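Here is the structure we will look at, set down as structure tokens.
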Ligand SMILES: Cc1cc2nc3c(=O)[nH]c(=O)nc-3n(C[C@H](O)[C@H](O)[C@H](O)COP(=O)(O)OP(=O)(O)OC[C@H]3O[C@@H](n4cnc5c(N)ncnc54)[C@H](O)[C@@H]3O)c2cc1C
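Numbering (the working numbering), first residue to last: 5 to 287.
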């Protein structure tokens, strides 16, 4: 449980962090809240030569109204999101999910940027980002780029983030009027990671569903949008029977995980149950 030897540098600004990243190349690792990276280093699953600490960069820690979207700095903690009043009008699932992450220590140190960069298949935020159609703003030596969340998560602990790139901001579009959202999860009782989690944003128009976004986590080796569920919900009145039938195949097309927490069959069952709960709560 003792990490391999490493050097430590603290960046005072985004520019400084980018310079340090460029200087140290792939021996460097960004340290934000440390609640995923440090455990991995203690298990020697990760052995960076240099840690670049971005945990005190103030310019990365904000949540603000960007007009048609909410802008969240990568350094915003889970607790910052939990206590923000920016997540109304169809974005309620953001505070709901934040409150279900770990314990107070994890929520006060862990950051949104760190969680999505780590891309744990049981993490909560990836499902919420997917259901939000969020965009991730990253910067590296090649400049700044924006990545759609549907392109960002590429597999088991894998993202589209390239060596030397830093996540700066997560942009969350405000959903159309008439939207509600919910995040529901079956959690691992000790860590509270999602064995299965579902984020749903439902827009109702004249008694029927005009738009649905359903993001799933914990089911497969990476998060995904259950587009078959979204299609089955759209145009329906969303009584309990209609929702249950639309969510019946929430794990369809996925290579469903099986581990000592839940078998493949149980996860498939949980996927349909939690998709139904999230959609019902959001409609
Ligand atoms: C006991 C415990 C319980 C937990 N429970 C949950 C839970 O219920 N749900 C859940 O979703 N998570 C849970 N977590 C994980 C927690 O949310 C972490 O805080 C989060 O996954 C990582 O954020 P961090 O800021 O701590 O990142 P770090 O651990 O500092 O970094 C994680 C990775 O992201 C990279 N990184 C960090 N910031 C950036 C950036 N801005 N740009 C590029 N790369 C970056 C790092 O280099 C590293 O590879 C738990 C963790 C613990 C220890």
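Even for Gly, the Cβ is constructed at its ideal location relative to N, Cα and C. Owing to the predicted nature of the structure, the values given are computational and were not obtained by experimental measurement.
- For residue 108, the enclosing alpha helix (DSSP H) has its first and last residue at 108-113.
- Within the region 73-102, the runs of alpha helix (DSSP H) that reach at least 4 residues and sit entirely inside it are, in chain order, 82-86.
- Assignment of residue 132 by DSSP, reduced to helix, strand and coil, places it in the helix class.
- With 16 or more other Cβ atoms from the protein chains shown falling within 10 Å of its own Cβ, residue 82 counts as buried.
- Distance from residue 126 to residue 10 at the Cβ level is roughly 26 Å; contact not present, criterion being Cβ atoms closer than 8 Å.
- Rounded to the nearest whole angstrom, the CA to CA distance from residue 178 to residue 85 is 16 Å.
- Of the heavy atoms belonging to ligand 1, at least one sits nearer than 6 Å to the Cβ of residue 78.
- Around residue 100, the same chain offers 186 and 187 as residues with beta carbons nearer than 7 Å, after the five sequence neighbours per side are excluded.
- Here the distance from the Cβ of residue 30 to the nearest heavy atom of ligand 1 is not below 6 Å.
- When rounded, the separation of the alpha-carbon atoms in residue 91 and residue 50 is 35 Å.
- Annotation: the continuous alpha helix (DSSP H) that includes residue 278 extends over 268-286.
- Ranking 174, 129, 161 and 37 by CA distance to the CA of residue 218 puts 129 first.
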